[in-house]
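One structure is given below, encoded as structure tokens.
In our numbering, the protein residues as written are 36 to 154.
Put into structure tokens, the structure is as follows:
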């Protein structure tokens, strides 16, 4: 039986020995050797997406770009700028206040503010 899937849920329920991964490049479609695959059974969806399926980010490109820009501004201590505030508000609108990256950014701002008060 052959089952074709892009589902990390399905891939996480089979061993890498039962998995066949195909990739496409300029030379066409290739079958990846199993010995080049890490074990998939029982792995988290995030692990499967990043290691087996070679996904660069678990977020879409728009959100990833905006998060990267917010972090860049934060690292330059530019978190009081309109650009930062607009980007951060946009991210909070779509990701929500309980998103791990939103919480991490808030914590980082709080730490930076405390350091600035202490001098």
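Positions of the beta carbon are idealized from the N, C-alpha and C atoms, including for glycine.
(message) Under DSSP, the alpha helix (DSSP H) around residue 142 begins and ends at which residues?
(response) 135 to 153
(request) Over the uninterrupted alpha helix (DSSP H) stretch that includes residue 99, give me the two end residues. (result) 96 to 110
(message) Please state whether the Cβ-Cβ distance between residue 47 and residue 98 is less than 8 angstroms.
(response) no
(request) For residue 120, count neighbouring C-beta atoms within 10 Å of its own C-beta (all shown protein chains included) and say buried if the count is 16 or more, exposed if not. (result) exposed
(message) Please state the DSSP three-state secondary structure of residue 60.
(response) strand
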